[in-house]
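Each residue of the sequence shown is one higher than the one before, counting from 87 in the numbering used here.
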Amino acid sequence: MLNLFGGKADHPMANPKEARRILDALPAQELKALDELSHWHESVSTAAGFKPAERLQLTGALDEAAQPRLRKLSRDYLGATRPSRYQENLLWTQMHEYWRQAGLAWARSVDGFLQANDARGLATAAVRALRALAQQIKWQHLRYGPIDPKVWGVINNVFAAAEARGVADARIEFLKTAMFSASSPDGLLPVEIELAEKLVSELAGNFVIATAPPGDAKGELLYWTDLAQAMAPVRVTKAPQPVPTLRHFGPGGGLARLQEIVKRLEATGQVPSDLNLVGADPEVVLGVLRHLALYWLPEPPARQHLRHPVKSRLAIAHGFDGVVEALGGAGGGSLDFDAKGTGAESWIVDNVSAGGIGAVVPQVKGDWLRVGTLLAMQPDGGANWVVGMVRRLSRTSTQEARVGIQTLSRAPALAKFSMRGLGEHVGVLLPSPVLGSGETSIALKAGIYARGQNLETEVQGRQHVFMPQGTPESGDDYELVRFRGMVRDA
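Dropping the structure here:
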């Protein structure tokens, strides 16, 4: 509830009764209500005449009114059933816009308290500003960017002001956002990005930050940023130019705590209750924990294979059905880029390695491109198809993106696989690109594979049996399972 206060601002919300009426009359439809609250954030934070304490109270009331609506819409966006393209865009746009306006409103409140030399009000406003701006960063990552450096400029400015006045809670909020951003969320699925944010928040009390360069024996200060710059945190590869606004930070004791959680989850198969992740899939949580651990180790993740710079065109077919069609499952083994309705695209190869391809997507078409997407790739002038999976995605602009693609197989083939009691289904046989591994992956349409079952198929007149190894990996329209194969004697 709003407390009564007297104000001289020429604004509808300057009157407490009118402010209360406006909030009570918000539309029942969450998106419309959020749109109105975004408008009021901008209006209240820029209107002249409010005292800093009045503006703080109104901004808090608007944010409080938004919270249940934000939680509902976030669940809709990240739900097991993906919304339609139109609804997904609408949800993302409104959620991101709300957090943008809320972040700016709280940051303007910080500025007002700085001018009034009110340290107590500044502490509250700074913490709330950092939380709202962190949400804006997260929602940009949920779309794989582009990440707006101006948001980081505001985050760094707010934290610098709060740090100078000893606001301990602001330090925790800053480290949450900095460690989340530094943990490579561009290699995670949207639901995993959400889990990563929650796990980082749970472990934030262990994180460390210092002004000194990383000469620490424990190797805890892995990342750095300059609070005077509009920049996201980066990993320390060489010592940056020392300036007073330089900050080094890292996981501190968070890595050991994270590794302990991994061991508990591996041993029990249950997500620890103290993580507050009710309903989360243990296997997904375990994957995110391992991802975070990889990026919090003192030594950065090493590439398994040397990358070689290359510039060439790459024909792309995407999704399970697109891969099957490209491999000849629907009337041909090559794509006609002039034909309408094929869904074919042409990307630019930037580098190649034994394990994958780095490519530039000159124009992102549609909404299908995301981490985990299955691809069939044909090099310019080649006749063979390679099958891979998008492992990393970063939008460099509204139209262009960069992708990291893991090669699943250089000799993919279609086959009909039989499962006991489930009949025959077309799948993609994916012999490992690593010679001598003895393993083969098989991609099947989503919803077909019964976990733990063997698959059988005939290859060149011989009956092959495939026995599952490990946990299946799922995408929007497929399941990918690792198998060890054997030939059944006649």
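Just so you know, even glycine gets a beta-carbon here, dropped at the ideal spot from N, CA and C.
Inset, instruction - Go ahead and pull the three-state DSSP assignment for Q222. - result: Here residue 222 is taken as the residue at index 136 of the sequence shown, counted from 1. Residue state, collapsed to three classes: helix.
Legend entry - Nearest-angstrom Cα separation, counted from Y309 out to T331: Mapped onto the sequence shown, residue 331 falls at position 245. Mapped onto the sequence shown, residue 309 falls at position 223. Answer to the nearest angstrom: the Cα atoms are 14 Å apart.
Inset, instruction - Could you tell me which residues DSSP puts in a beta bridge with D312? - result: Position 226 of the sequence shown, counting from 1, holds the residue named residue 312. Beta-bridge pairing links D312 to L332.
Inset, instruction - In the DSSP assignment, find the beta strand (DSSP E) that holds H127 and state where it starts and stops. - result: Within the sequence shown, numbered from 1, the residue matching residue 127 stands at position 41. Note, H127: premise wrong, no beta strand (DSSP E); alpha helix (DSSP H) at E116 to T132.
Legend entry - Span of the alpha helix (DSSP H), counted from its first residue to its last, around W382: For the purposes of this step, residue 382 is taken as the residue at position 296 of the sequence shown. Element bounds for W382: P368 to W382.
Legend entry - CB contact flag (D255, V213, <8 Å): As a working note, residue 255 is residue 169 in the sequence shown. As a working note, residue 213 is residue 127 in the sequence shown. For D255 and V213, yes; Cβs fall inside 8 Å.
Inset, instruction - Go ahead and label D272 buried or exposed: buried means 16 or more other beta carbons lie within 10 angstroms of its beta carbon, across all protein chains shown. - result: Residue 272 sits at position 186 when you count from the first residue of the sequence shown. With 16 or more other Cβ atoms within 10 Å, it is buried.
Legend entry - Separation of Q226 from L285, as counted between CA atoms: As a first step, residue 285 must be located in the sequence shown, where it is residue number 199. As a first step, residue 226 must be located in the sequence shown, where it is residue number 140. Distance between the alpha carbons of L285 and Q226: 18 Å.
Inset, instruction - With a threshold of 16 other CB atoms inside 10 Å of the CB of M475, please say whether the residue is buried or exposed. - result: Taking the first residue of the sequence shown as 1, we reach residue 475 at position 389. M475 should be labelled buried.
Inset, instruction - Determine, using beta carbons only, whether S170 and S131 come nearer to each other than 8 Å. - result: On the sequence shown, residue 170 is found 84 positions in, with the first residue counted as 1. On the sequence shown, residue 131 is found 45 positions in, with the first residue counted as 1. Going by C-beta atoms, S170 is not nearer than 8 Å to S131.
Inset, instruction - Go ahead and label V364 buried or exposed: buried means 16 or more other beta carbons lie within 10 angstroms of its beta carbon, across all protein chains shown. - result: Within the sequence shown, numbered from 1, the residue matching residue 364 stands at position 278. Looking at its Cβ environment, which holds fewer than 16 other Cβ atoms inside 10 Å, V364 is exposed.
Inset, instruction - Using beta-carbon positions only, say whether S560 and D466 come within less than 8 Å of one another. - result: For this step, residue 560 is matched to residue 474 along the sequence shown. For this step, residue 466 is matched to residue 380 along the sequence shown. No, the pair does not count as a contact, with Cβ atoms beyond the cut-off.
Inset, instruction - Check each candidate in E280, E306, E283 and A133 and name the one with the smallest Cα separation from N292. - result: The count along the sequence shown starts at 1 and reaches residue 292 at position 206. Minimum Cα distance to N292 is reached at E306.
Legend entry - Residue span of the beta strand (DSSP E) that contains E525, given as start and end: Numbered from 1 along the sequence shown, position 439 holds the residue referred to as residue 525. Start and end: E525 to K531.
Inset, instruction - Answer with buried or exposed for K118, where buried requires no fewer than 16 other C-beta atoms within 10 angstroms of its C-beta. - result: Counting from 1 along the sequence shown, the entry for residue 118 is found at position 32. When all chains shown are included, K118 counts as exposed.
Inset, instruction - Give the range of the beta strand (DSSP E) segment to which E565 is assigned. - result: Along the sequence shown, one-based indexing puts residue 565 at 479. Here the beta strand (DSSP E) through E565 covers Y564 to V573.
Legend entry - C-alpha distance - I491 paired with A218, whole-angstrom precision: On the sequence shown, residue 491 is found 405 positions in, with the first residue counted as 1. On the sequence shown, residue 218 is found 132 positions in, with the first residue counted as 1. Cα to Cα, I491 sits roughly 33 Å from A218.
Legend entry - Classification of L508 by the beta-carbon crowding that lies within 10 angstroms, buried from 16 upward: As a working mapping, residue 508 is identified with position 422 in the sequence shown. Exposed.
Inset, instruction - In the DSSP assignment, find the alpha helix (DSSP H) that holds P154 and state where it starts and stops. - result: Here residue 154 corresponds to residue number 68 of the sequence shown, with the count starting at 1. P154 -> alpha helix (DSSP H) spans P138 to L164.
Inset, instruction - Check whether the Cβ atoms of Y163 and L144 sit closer than 8 Å, and answer yes or no. - result: Counting from one through the sequence shown, the residue named residue 163 turns up at place 77. Counting from one through the sequence shown, the residue named residue 144 turns up at place 58. No.
Inset, instruction - Taking all protein chains shown into account, decide if E150 is buried (16 or more other Cβ within 10 angstroms of its Cβ) or exposed. - result: Numbered from its first residue, the sequence shown carries residue 150 at position 64. Per the 10 Å Cβ criterion, exposed.
Legend entry - Those residues which DSSP pairs with G474 across a bridge: Numbered from its first residue, the sequence shown carries residue 474 at position 388. Partner(s): L461 and T493.
Legend entry - Other residues of its chain near R393: CB distance less than 6 Å, five sequence neighbours each side excluded: One-based indexing of the sequence shown puts residue 393 at position 307. Closer than 6 Å at Cβ, skipping near neighbours: N437 and S439.
Inset, instruction - Could you check what DSSP says for G419 in three-state terms: helix, strand or coil? - result: Position 333 of the sequence shown, counted from the start, is the residue given in the question as residue 419. Low confidence applies here, because G419 scores a pLDDT of 39, under 50, leaving its location unreliable and the question unanswered by this model.
Inset, instruction - Would you check if the distance between the CB atom of W567 and the CB atom of I528 is smaller than 8 Å? - result: Position 481 of the sequence shown holds residue 567. Position 442 of the sequence shown holds residue 528. Here residue 567 turns out to be Val, not Trp, going by the sequence shown. Yes, the pair counts as a contact, with Cβ atoms nearer than the cut-off.
Legend entry - Cβ-based neighbour list, Q449, same chain, cut-off 6 Å, excluding 5 preceding and 5 following: Here residue 449 corresponds to residue number 363 of the sequence shown, with the count starting at 1. Excluding sequence neighbours, Q449 sits near Q485.
Inset, instruction - Could you tell me if T543 is buried or exposed, where buried requires 16 or more neighbouring beta carbons within 10 angstroms of its beta carbon? - result: Here residue 543 corresponds to residue number 457 of the sequence shown, with the count starting at 1. With 16 or more other Cβ atoms within 10 Å, it is buried.
Legend entry - Buried or exposed by the 16-neighbour rule on C-beta atoms within 10 Å, applied to L142: Numbered from its first residue, the sequence shown carries residue 142 at position 56. That one is buried.
Inset, instruction - Could you pull the start and end residues of the alpha helix (DSSP H) that R168 belongs to? - result: Mapped onto the sequence shown, residue 168 falls at position 82. Careful: R168 lies outside any alpha helix (DSSP H) and carries neither H nor E.
Inset, instruction - Would you list, in sequence order, the uninterrupted alpha helix (DSSP H) runs of no fewer than 4 residues that lie entirely inside the region 184-241? - result: 205-228
Legend entry - 6 Å Cβ shell around E510 - same chain, five flanking residues per side excluded: Taking the first residue of the sequence shown as position 1, residue 510 is located at position 424. Only K502 and S504 meet the Cβ criterion.
Legend entry - Same chain, Cβ closer than 6 Å to G571, neighbours up to 5 away in sequence not counted: Working through the sequence shown from its first residue, we reach residue 571 at position 485. So the list reads T526, H550 and F552, once near-sequence residues are dropped.
Inset, instruction - Tell me whether R481 sits in a helix, a strand or coil according to DSSP, three-state version. - result: Residue mapping note: residue 481 aligns to position 395 of the sequence shown, counting from 1. If DSSP states are grouped into helix, strand and coil, R481 belongs with the strands.
Legend entry - Buried/exposed call for R155, threshold 16 Cβ in 10 Å: Here residue 155 refers to the residue found at position 69 of the sequence shown. When all chains shown are included, R155 counts as buried.
Legend entry - Other residues of its chain near L208: CB distance less than 8 Å, five sequence neighbours each side excluded: Your numbering for residue 208 matches position 122 in the sequence shown. Correct list, in chain order: V196, F199, L200, A247, A248, R251 and V253.
Legend entry - Local Cβ density within 10 Å of A100, reported as buried at 16 or more and exposed below that: Position 14 of the sequence shown holds residue 100. Looking at its Cβ environment, which holds 16 or more other Cβ atoms inside 10 Å, A100 is buried.
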